[in-house]
Amino acid sequence: MTDVEMVFAKYMQTLSDQKPDAATSFFHENATVFFREGSYFGKNQISQILKNTFSIIKDETFTPSKVNWHYKSNDTAACTFQYEWSGRIQGKRFTTLGRGSLTWVKDINGDWKIITEHFGPTPK
389 MTDVEMVFAK
399 YMQTLSDQKP
409 DAATSFFHEN
419 ATVFFREGSY
429 FGKNQISQIL
439 KNTFSIIKDE
449 TFTPSKVNWH
459 YKSNDTAACT
469 FQYEWSGRIQ
479 GKRFTTLGRG
489 SLTWVKDING
499 DWKIITEHFG
509 PTPK
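Under the working numbering, the first residue of the sequence shown is numbered 389, with each subsequent residue one higher.
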């Protein structure tokens, strides 16, 4: 497993652990995130949407599968994957299947950071 793959695995676990500050730490300062409900630009907006999402959803799990690394270099990487997202909202259980893409870059400290993230539903 390469270093960016290990960071990816840690990020996925952080999503399931519902730790917004820890999840936010994986993002580059200038990151962009596209979710079904909106687009978020910069680490501050991303932090707010993660805090909001984690406060609404309880008992969350986020499980990626079929991870495909399309490109890896010394300072850039890109992957796509499918996921199963489940949890409870106002006591009601939900499960959603979707797909995602992440583009990673190394920051000035040499740490892998997400520069773009896109999560959306699986096409019908």
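Note that beta-carbon positions come from the ideal geometry of N, C-alpha and C, so glycine has one too.
Could you tell me which of L438, F482, N497, K480 sits nearest to Y399, measuring between CA atoms? Residue L438 is the option with its Cα nearest to Y399.
Residues near G475 in its chain [Cβ-Cβ closer than 8 Å; skip 5 each side]: Sequence-distant partners of G475 (beyond 5 residues in either direction) whose C-beta falls short of 8 Å from its own C-beta, in its chain, are I445, K446, D447, E448, T449, R481, F482.
Do we get a CB-CB distance below 7 Å when we pair V421 with the residues of chain D? In summary, chain D is missing from the structure at hand, where a single protein chain is found.
Tell me, to the nearest whole angstrom, how far the beta carbon of S453 is from that of Q470; I am working on the premise that it is less than 8 Å. About 5 Å; that satisfies the 8 Å criterion.
Straight-line gap, G498 to G486 (C-alpha atoms, nearest Å): If I take the Cα positions, the gap works out to 30 Å.
With respect to the beta strand (DSSP E) encompassing K460, which residues constitute its N-terminal and C-terminal limits? Looking at the DSSP string, the run of the beta strand (DSSP E) that includes K460 is 445–460.
So who's on the other strand from V493, going by DSSP bridges? For V493, which the question treats as bridged, DSSP gives the partners T464, K501.
For the beta strand (DSSP E) containing F396, list its first residue and its last residue. Segment 391–405 is the alpha helix (DSSP H) holding F396; no beta strand (DSSP E) there.
Considering Cα atoms alone, identify which of P408, K460, T491, A465 is closest to F507. Looking from the CA of F507, the closest CA among P408, K460, T491, A465 belongs to T491.
Residues in the same chain with beta-carbon distance under 7 Å from A465, minus the five sequence neighbours each way, listed in chain order, please. V392, W457, Y459, W492.
Name, in chain order, the residues that DSSP records as bridge partners for E472. Beta-bridge partners of E472 (DSSP): T451, L485.
By how many angstroms is the C-alpha of I503 removed from the C-alpha of D463? For D463 and I503, the distance between alpha carbons rounds to 12 Å.
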